[in-house]
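See below for the structure under consideration.
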Amino acid sequence: MHVKVPPIPERVRGLAGAAAPTHVSLDGSAGPARGCVDGTGRPLLLVKPGEALHGLRAGDDAVVTVDLSATRTLAGVEYPRGLLKVQGWAQAVPPESLREAAVRVSARCPDEALFAAVEGDPAGPRLFRVDVGYVIYLTGRESGMLDAEEYLAAGPGPVHDAAERMLRHVNEAHREQLARAVRTLTGEPVREPWLWELDRYGATVRSDSVDTTFIRIPWPAPVEGAHELERALSLLLCPR
Numbered sequence: 001m002h003v004k005v006p007p008i009p010e011r012v013r014g015l016a017g018a019a020a021p022t023h024v025s026l027d028g029s030a031g032p033a034r035g036c037v038d039g040t041g042r043p044l045l046l047v048k049p050g051e052a053l054h055g056l057r058a059g060d061d062a063v064v065t066v067d068l069s070a071t072r073t074l075a076g077v078e079y080p081r082g083l084l085k086v087q088g089w090a091q092a093v094p095p096e097s098l099r100e101a102a103v104r105v106s107a108r109c110p111d112e113a114l115f116a117a118v119e120g121d122p123a124g125p126r127l128f129r130v131d132v133g134y135v136i137y138l139t140g141r142e143s144g145m146l147d148a149e150e151y152l153a154a155g156p157g158p159v160h161d162a163a164e165r166m167l168r169h170v171n172e173a174h175r176e177q178l179a180r181a182v183r184t185l186t187g188e189p190v191r192e193p194w195l196w197e198l199d200r201y202g203a204t205v206r207s208d209s210v211d212t213t214f215i216r217i218p219w220p221a222p223v224e225g226a227h228e229l230e231r232a233l234s235l236l237l238c239p240r
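Just so you know, the sequence shown maps onto residues 1 to 240 in the UniProt record's numbering.
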């Protein structure tokens, strides 16, 4: 049977890679979180003096829950894509990995405190990494839990980064073509179309005419690279 959507672990990893930490819970108390998710799917957190995790000593760990929120901005309005709760063990990033962690966090969450965190002063801002125990996900109408092995082994998909770039380009420059393509495929008018998701199995279009609807358009076969994805998207928008 032809698969039309990515497996849940792959979808969750993709959402995590696009998500931002919003809260971290430790010993029953919660506070704001800032940071990103690293290339393996583990949350990276920038923690400032006075925050709950800051006093954790090097070599120790603590059980924490990190809330991650993935959104999509359309016409200046931010819409939720998915919510994740990552429970695991927070540990201070080791000195040899501080610079790499700071660079990754700065790409998603610029903050001057990252310069001080790289210095490794335990009294200043610090960087922590969360080793995953399990992940609870809520995305659209689907919810569930993934253990660490399922989540970490999945990866975000082979075209994730390229897909996000192409999606933004279509939404900025080719929405009329998108509307024509969806109308041709479904035989029905579509208003306010936006490319919502793009992956190796197909595209999801969001329509905000009266009620919000999502239309899934699978590729004839899964694509395995950016070039194949670009070709599939071009054929959708400009059929011959």
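All C-beta atoms, glycine included, are put in the ideal place defined by N, C-alpha and C.
- In this structure, Gly-88 lies away from Val-105, with their beta-carbon atoms at least 8 Å apart.
- Bounds of the alpha helix (DSSP H) holding Ser-106 are 98-108.
- With contacts defined as CB atoms closer than 8 Å, Ala-70 and Leu-15 qualify as a contacting pair.
- Annotation: the continuous alpha helix (DSSP H) that includes Leu-15 extends over 8-18.
- When C-alpha distances from Ala-19 are compared across Asp-211, Pro-6, Cys-109 and Leu-56, the shortest belongs to Cys-109.
- Within the same chain, and ignoring the five residues on either side of Leu-74 in sequence, the residues whose Cβ sits closer than 8 Å to its Cβ are Asn-171, Trp-194 and Arg-206.
- Thr-139 and Gly-120 have their C-alpha atoms some 37 Å from each other.
- The residue from Met-166, Val-135, Ala-107 and Gly-50 with its alpha-carbon nearest to that of Leu-83 is Val-135.
- Using a 10 angstroms sphere on the CB of Pro-49, the tally of other CB atoms stays under 16, which defines it as exposed.
- Around the beta carbon of Glu-149, fewer than 16 other beta carbons sit within 10 angstroms, so the residue counts as exposed.
- A direct Cα-Cα distance of roughly 11 Å separates Val-93 from Asp-131.
- Secondary structure at Ala-75: coil, using DSSP grouped into helix, strand and coil.
- Only residues of its own chain outside the window of five on either side were considered, and among them Leu-195 and Leu-198 have a CB closer than 7 Å to the CB of Leu-167, listed in chain order.
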